[in-house]
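K.L.:
Residue numbers (the numbering used here), protein chains in the order written: chain A, 4 to 181; chain B, 210 to 315. Every residue gets a Cβ at the ideal spot worked out from N, C-alpha and C, and that includes glycine.
1) Hey, quick one: how far does the alpha helix (DSSP H) through residue 110 of chain A stretch, first residue to last?
2) Under 7 Å Cβ-Cβ, which residues of chain B neighbour residue 176 of chain A?
3) Which residues share a DSSP beta bridge with residue 283 of chain B?
4) Below 8 Å, how does it come out for the region 105-121 of chain A and the region 30-42 of chain A: are there three or more Cβ pairs, yes or no?
5) Who are the near neighbours of residue 37 of chain A in its chain, counting only those whose CB is closer than 6 Å to its CB and skipping five residues on each side?
6) Please confirm if residue 229 of chain B has its CB atom under 8 Å from at least one CB of chain A.
7) Once the 5 residues before and after residue 5 of chain A are set aside, which same chain residues still bring their CB inside 8 Å of it?
8) Who pairs with residue 271 of chain B in a beta bridge, going by DSSP?
9) Quick check: the Cα distance between residue 252 of chain B and residue 79 of chain A, rounded to an integer number of angstroms?
10) Use the C-beta contact count for residue 255 of chain B: other C-beta atoms within 10 angstroms, 16 or more gives buried, fewer gives exposed.
11) Please check if any C-beta of chain B sits within less than 8 Å of the C-beta of residue 46 of chain A.
12) Does the CB of residue 50 of chain A have a neighbour CB from chain B at under 8 Å?
13) Would residue 105 of chain A and residue 180 of chain A be called neighbours here (beta carbons separated by less than 8 Å)?
14) Terminal residues of the continuous alpha helix (DSSP H) containing residue 49 of chain A?
15) Just mark residue 84 of chain A as buried or exposed, buried being the case when its beta carbon has 16 or more other beta carbons within 10 Å.
16) Quick one, which residues of the region 137-154 of chain A are near chain B if we go by CB-CB under 9 Å, in chain order?
17) With distances taken Cα to Cα, identify the nearest neighbour of residue 144 of chain A among A:56, A:22, A:86 and A:62.
18) Is the CB-CB distance between residue 9 of chain A and residue 150 of chain A below 8 Å?
19) I'd like to know if residue 173 of chain A contacts chain B, where contact means its C-beta is closer than 8 Å to some C-beta of that chain.
20) Flag this pair as yes or no: are the beta carbons of residue 259 of chain B and residue 288 of chain B separated by less than 8 Å?
21) Note the first and the last residue of the continuous alpha helix (DSSP H) segment covering residue 304 of chain B.
22) Give a single yes or no on whether residue 92 of chain A has its beta carbon closer than 7 Å to a heavy atom of the ligand NAD.
23) For the beta strand (DSSP E) holding residue 95 of chain A, just list the boundary residues, first then last.
24) If you check the beta carbons only, do residue 245 of chain B and residue 214 of chain B fall under 8 Å apart?
25) Would you tell me roughly how many angstroms separate the C-alpha atoms of residue 224 of chain B and residue 33 of chain A, rounded to the nearest one?
26) Comparing C-alpha positions only, which one of B:283, B:314 and B:298 sits nearest to residue 249 of chain B?
27) Indicate the three-state DSSP secondary structure (helix, strand or coil) for residue 23 of chain A in the structure shown.
28) Please tell me whether residue 297 of chain B and residue 48 of chain A are closer than 8 Å, where the distance is taken between their beta carbons.
Given below as structure tokens:
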């Protein structure tokens, strides 16, 4: 499956969040940047990056950056990725972004997501400007050399091109339904 | 000493995990060969009691034993590091400590 190409428009969606509300991409139309992240509960790469996701959303929310984090994993294979566990994780970690359930996996397929976590950054026209990993070191936040997501956001917020537009997403595979 | 390294190819860090194991063995001066096992099916995961990739066994003992009921399946494994962080690989220190413990048992 090919991921959404750079320059492609964001695929619209409406998904239920752990807050019990439907969240659609259109709900965030006034935000200058939307970051769609395919994520989950069970994956160690997600867990390694989770605090950084929260920190980046916290740091960039005042600038109008909105994260929408989507879990599409098949809960039949990975029960810890079911909605109840998503609600639990969001509460435990104090997620500061909507955490959405893609039950049919149609959104993950529309974006061509293959890994968790996998980041898609859209500008104010909802055109894809960065795709890939959050940074270059899942293991040690103190050893990160390239903060891909932060650098892309910094660039887009001043109307510039992200210095790196594409990196290989690093993480667990999306768990597709049989 | 019997050293086994079990992995699932979909998890991207197995090469780094194997390298870390080799470094820990070298640091302890242990020259035992590493049995590398590629786990490819759910049935194999069940048979090997494979809780996730990578898993390192020293004389049959997991370097980070699972407490409570384990689920055997093809998945990436979460390790809890010494400082409380979660990671897809055990730290060098965790592997080394497990090797030292095994040496004391021998």
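P.N.:
Walking through what the data contain:
1) 109-114
2) 219
3) Its beta-bridge partners do not exist; DSSP assigns none.
4) Counting C-beta pairs with one atom in each stretch, the region 105-121 of chain A and the region 30-42 of chain A have three or more that are closer than 8 Å, which means they touch.
5) Excluding positions up to five away in sequence, the list reads 31, 69 and 125.
6) Closer than 8 Å: no.
7) Around residue 5 of chain A: 115.
8) B:266
9) 17 Å
10) exposed
11) yes
12) yes
13) Cβ distance not < 8 Å, so residue 105 of chain A and residue 180 of chain A don't count as in contact.
14) 47-63
15) buried
16) Taking 9 Å as the upper bound on Cβ-Cβ separation, chain B lies near residues 141, 142, 143 and 144 of the region 137-154 of chain A.
17) Per the Cα distances, A:56.
18) Contact: no.
19) Taking Cβ atoms only, chain B reaches closer than 8 Å to residue 173 of chain A, which makes this a yes.
20) no
21) 301-314 is the extent of the alpha helix (DSSP H) around residue 304 of chain B.
22) This structure does not include the ligand NAD; it has no bound ligands of any sort.
23) Note, residue 95 of chain A: premise wrong, no beta strand (DSSP E); alpha helix (DSSP H) at 86-96.
24) The Cβ atoms of residue 245 of chain B and residue 214 of chain B sit closer than 8 Å to each other.
25) 44 Å
26) The shortest Cα separation from residue 249 of chain B among B:283, B:314 and B:298 belongs to B:283.
27) Correct three-state label for residue 23 of chain A: coil.
28) In contact: residue 297 of chain B and residue 48 of chain A (Cβ atoms closer than 8 Å).
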